[in-house]
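Peer 1:
Numbering (the numbering used here), first residue to last: 202 to 305.
Dropping the structure here:
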């Protein structure tokens with residue numbers, strides 16, 4: 202599976218990553234994605250079928266469920282388009298800080 206995400210970078214297009222086997226994510230959920238040698242928070246826009254060869258895998262899932270629903274993602278798209286900011290920056294600004302992971 203391919204996951205299209207947006208990051209807090211000044212780029213208008215989403216980035217595509219490979220979803221590791223056994224992982225489940227949905228639009229509006231935060232994940233950790235590699236970008237230029239660093240792990241960066243990202244927001245899932247879409248999950249789709251496709252050839253994953255050559256795609257880097259996601260590194261982690263930061264939220265147990267989506268934080269933004271479809272209407273909130275639509276609002277983020279509108280805000281980004283109206284304010285000349287990137288969708289990734291807008292989405293991440295609308296989200297609460299991720300909860301820390303706790304060991305069992």
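All C-beta atoms, glycine included, are put in the ideal place defined by N, C-alpha and C.
Who pairs with residue 210 in a beta bridge, going by DSSP?
Peer 2: According to DSSP, which records beta bridges pairwise, residue 210 is partnered with nothing at all.
Peer 1: So, is residue 265 buried or exposed, given that buried needs 16 or more other C-beta atoms within 10 angstroms?
Peer 2: An exposed status is given to residue 265, since fewer than 16 other beta-carbon atoms sit within 10 Å of its beta-carbon.
Peer 1: Within 10 angstroms of the Cβ of residue 285, are there 16 or more other Cβ atoms? Answer buried if so, exposed if not.
Peer 2: By the neighbour-count rule (16 or more Cβ atoms within 10 Å), residue 285 is not buried but exposed.
Peer 1: In its own chain, which residues sit with a C-beta less than 6 Å from the C-beta of residue 240, not counting the 5 before and 5 after it?
Peer 2: 233 and 260
Peer 1: Quick one: Cα of residue 228 to Cα of residue 214, how far?
Peer 2: Cα to Cα, the separation comes out at about 16 Å.
Peer 1: Taking the alpha carbon of residue 270 as the point to measure from, which residue in 219, 250, 220 and 246 has its own alpha carbon closest?
Peer 2: In terms of Cα proximity to residue 270, the closest of 219, 250, 220 and 246 is 246.
Peer 1: Take the Cβ of residue 238 as the centre, count every other Cβ of all protein chains shown within 10 Å, and call the residue buried at 16 or more, exposed below.
Peer 2: exposed
Peer 1: Write down the C-beta distance between residue 277 and residue 292 rounded to the nearest angstrom, noting that I regard them as a contact closer than 8 Å.
Peer 2: So it is a contact: roughly 5 Å between Cβ atoms.
Peer 1: Going by Cα to Cα distance, which pick from 258, 224 and 226 is closest to residue 217?
Peer 2: Of the candidates 258, 224 and 226, the one whose C-alpha sits nearest the C-alpha of residue 217 is 258.
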